[in-house]
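Residue numbers (the working numbering), protein chains in the order written: chain D, 1 to 210; chain X, 1 to 210. Backbone N, C-alpha and C fix where the C-beta goes; we use that ideal spot for every residue, glycine too.
Number of protein chains: 2
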Amino acid sequence: MSSLSLLPAAEVSPKRAAILEAATRLFLAGGYATVSMDAVAREAGVSKATLYAHFTGKEALFAAIVGGRCAEIAERAEEMAAHAASAEGALRGMGRAWMTFLLKPETMAIHRIVIAECARFPELACAFYEAGPGAGRTWLTHRLEKEQRLGHLRADADPGVAAGHLMGLLRGELYIRTVLGAPAPDDDAVAGAVDQAVEVFLRAYGAPAA
Amino acid sequence: MSSLSLLPAAEVSPKRAAILEAATRLFLAGGYATVSMDAVAREAGVSKATLYAHFTGKEALFAAIVGGRCAEIAERAEEMAAHAASAEGALRGMGRAWMTFLLKPETMAIHRIVIAECARFPELACAFYEAGPGAGRTWLTHRLEKEQRLGHLRADADPGVAAGHLMGLLRGELYIRTVLGAPAPDDDAVAGAVDQAVEVFLRAYGAPAA
DNA sequence: GTCTATATACAGATAGAC
DNA sequence: GTCTATCTGTATATAGAC
């Protein structure tokens, strides 16, 4: 019985939730500096005093937002991993899922923010790397090791290096263009680019005997 | 004779040069928002009024700085291209030159700034892409076409796609880690990563007959 | 062109009532 | 916890003398 009262730990306060939601929207849209605490309070429908009662300051609020997104990204990565591991044509499927996620406006927005503020919040940039690209690379390394044991990949390849290469091939031109503000490519363009990248990867890393 | 007076067009004003130098340093170190016009004036050793006499405002000053760096990057790209075209082991040499330039703290700083401000200054982000990654890819595409005509690359490869793939392989893990604040890797690490990337590229794109 | 001094606005953060 | 009202610093930008 007493454990029941511990369950809704996430829904501590509706005001706090409103603050987090509004601040997330504003930070992702405008970056760190352009967002004022006044704007967050107004957008969340609370007073500034309430805002400061929940978060000790602007930096703490920002850290909470970005840290939360990192956790979300980590969950998302596990979810994608679960799907990709069970699918055939695993590399293509995984590549499409990853690139679609990566190029989404919200993902791009958090990339830009973390990159922009990595001098002011180095620990956030580190946490973001670990939760995002780092976790993806670690998972992909293990996945490629498995493929290697199955004889689908060259035996002399370093799976960690190969994982970095596959991610680089997948990002390719699309990532750099999109992070610099170009409109996100449509699904067909993404799928085509992923197929090309996977084809090139397998030409370089596929087992010669296969 | 009259043409002589037109020559020193670049050295119009020492104060202006001091402003540009100070502003470049400050913007590259701190981004757009954290730099105040007071700080620029103080650091340049001029008054704010003088600052505003040379630049209509903070946005114009920022645009002048970043636009200037774009022009510099474009020049630098041509310079690197001239060297790489004449060298043997062209891909390795070019890759090392490009990655060394890309991972330099100053290059990373301008990457972060342009990415951070691509919502506020979309035309700057576009100019940066054209001067940097876009120009590099265009040049590399032509270079790969030439290699293809010489029979060094697969005949069925699209040189533009291949150029994007080579750049993606080169960037690989190093770029994303460094742009997220990790310390720049040393020359040996860069050289090793470039060699691996080029090796993989040639396994996928090298002419089968060769 | 260059300076000193200032106008004007808004930022982050808090005091005190309820 | 939540509000209204406010303190304090600093930002961009300008006025007017030289």
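query: If you pair each beta-carbon of the segment 153-169 of chain X with each one of the segment 102-117 of chain X, do three or more pairs fall below 8 Å?
result: no
message: Does the contact criterion of 3 or more C-beta pairs under 8 Å hold for the segment 48-62 of chain X versus the segment 25-40 of chain X?
response: With the cut-off at 8 Å, the segment 48-62 of chain X and the segment 25-40 of chain X touch.
- prompt: What's the C-alpha gap between E78 of chain D and E117 of chain D?
  reply: To locate residue 78 of chain D, count along the first sequence from 1; it is residue 78. To locate residue 117 of chain D, count along the first sequence from 1; it is residue 117. If I take the Cα positions, the gap works out to 26 Å.
- prompt: Below 8 Å between beta carbons: does that hold for A135 of chain D and A44 of chain D?
  reply: Position 135 of the first sequence, counting from 1, holds the residue named residue 135 of chain D. Position 44 of the first sequence, counting from 1, holds the residue named residue 44 of chain D. The beta carbons of A135 of chain D and A44 of chain D sit no closer together than 8 Å.
Length of the line joining the Cα atoms of E111 of chain X and T178 of chain X: Start at 1 with the first residue of the second sequence, and residue 111 of chain X comes out as number 111. Start at 1 with the first residue of the second sequence, and residue 178 of chain X comes out as number 178. First, the amino acid is wrong: residue 111 of chain X is His here, not Glu. One C-alpha to the other measures close to 11 Å.
field: Residue from D:G181, D:A81, D:A125, D:K146 with nearest C-alpha to G68 of chain D
entry: Stepping through the first sequence from its first residue, residue 68 of chain D is reached at position 68. The option with the nearest alpha carbon to G68 of chain D is D:A125.
- prompt: Between which two residues does the alpha helix (DSSP H) harbouring K15 of chain X extend?
  reply: Against the second sequence, residue 15 of chain X aligns to sequence position 15. If you look at K15 of chain X, you'll find it in the alpha helix (DSSP H) that goes 14-30.
message: Between I73 of chain X and chain D, is any beta-carbon pair separated by less than 8 Å?
response: As a working note, residue 73 of chain X is residue 73 in the second sequence. Not closer than 8 Å to any Cβ of chain D, the Cβ of I73 of chain X fails to qualify, so no.
field: Beta carbon proximity, V198 of chain X to chain D, threshold 8 Å
entry: Taking the second sequence and counting its residues from 1, the one referred to as residue 198 of chain X is at position 198. No, because no Cβ of chain D sits closer than 8 Å to the Cβ of V198 of chain X.
- prompt: So, does the CB of R122 of chain X fall closer than 8 Å to a CB anywhere in chain D?
  reply: The sequence position of residue 122 of chain X within the second sequence is 122, counting from 1. First, the residue type needs correcting, since residue 122 of chain X is Pro and not Arg in the sequence shown. Interface residue, yes.
- prompt: Per DSSP, what kind of secondary structure is L180 of chain D in: helix, strand or coil?
  reply: As a position in the first sequence, residue 180 of chain D is number 180, starting the count at 1. Secondary structure of L180 of chain D (DSSP, three-state): coil.
query: Residues in its own chain within less than 7 Å of G172 of chain X by CB, not counting five upstream and five downstream?
result: Reading the second sequence from its first residue, position 172 is the one you call residue 172 of chain X. A193, A197.
field: Alpha carbon of V12 of chain X to alpha carbon of L51 of chain X, nearest angstrom
entry: Walking along the second sequence from the start, residue 12 of chain X turns up at place 12. Walking along the second sequence from the start, residue 51 of chain X turns up at place 51. V12 of chain X and L51 of chain X: Cα-Cα distance of roughly 15 Å.
query: R143 of chain X: buried (16+ other C-beta within 10 angstroms of its C-beta) or exposed?
result: Residue numbering aside, residue 143 of chain X sits at position 143 when the second sequence is read from its first letter. Buried, because 16 or more other Cβ atoms sit within 10 Å of the Cβ of R143 of chain X.
message: What would DSSP say about G206 of chain X, mapped onto helix, strand or coil?
response: Position 206 of the second sequence holds residue 206 of chain X. Reduced to three states, the DSSP call for G206 of chain X is strand.
message: Run through chain X and tell me which residues come within less than 7 Å of Y129 of chain D, C-beta to C-beta.
response: Here residue 129 of chain D refers to the residue found at position 129 of the first sequence. Going along chain X in sequence order, the residues near Y129 of chain D (Cβ under 7 Å) are R177, L180.
query: What runs of the alpha helix (DSSP H), each 4 residues or longer, lie entirely inside the segment 77-119 of chain D?
result: 90-103, 105-116
field: Contact residues within the segment 155-178 of chain D, judged by C-beta distance below 7 Å to chain X
entry: V161, G164, H165, G168, L169, R171, G172, E173, I176, R177
- prompt: Which residues, in chain order, does the segment 129-153 of chain D contribute to contact with chain X at a C-beta distance below 8 Å?
  reply: Of all residues in the segment 129-153 of chain D, Y129, P133, R137 have a Cβ within less than 8 Å of some Cβ in chain X.
message: My output table needs one value for L174 of chain D: the three-state DSSP class, helix, strand or coil.
response: As a position in the first sequence, residue 174 of chain D is number 174, starting the count at 1. Residue state, collapsed to three classes: helix.
query: Can the beta-carbon of H152 of chain D be found closer than 8 Å to that of A207 of chain D?
result: Stepping through the first sequence from its first residue, residue 152 of chain D is reached at position 152. Stepping through the first sequence from its first residue, residue 207 of chain D is reached at position 207. In this structure, A207 of chain D lies closer than 8 Å to H152 of chain D by Cβ.
field: Cβ neighbours of I19 of chain X in the same chain (closer than 7 Å, five flanking residues each side left out)
entry: The sequence position of residue 19 of chain X within the second sequence is 19, counting from 1. In the same chain as I19 of chain X, and ignoring 5 residues on each side of it, the C-beta atoms closer than 7 Å to its own belong to V40, A44, V46, L51, H54, in chain order.
- prompt: What does V194 of chain X touch in chain D if you count any residue whose Cβ is under 7 Å from its own?
  reply: On the second sequence, position 194 is the one that residue 194 of chain X refers to. Under the 7 Å cutoff, chain D gives no residues; its nearest Cβ is about 12 Å from V194 of chain X.
- request: Find out if the Cβ-Cβ distance for the pair R203 of chain D, A155 of chain X is shorter than 8 Å.
  value: Here the question's residue 203 of chain D lines up with position 203 in the first sequence. Here the question's residue 155 of chain X lines up with position 155 in the second sequence. Their beta carbons are not under 8 Å apart, which means R203 of chain D does not touch A155 of chain X by this criterion.
field: Limits of the unbroken alpha helix (DSSP H) element including E130 of chain D
entry: The residue given as residue 130 of chain D occupies position 130 in the first sequence. No alpha helix (DSSP H) contains E130 of chain D, which DSSP labels as neither H nor E.
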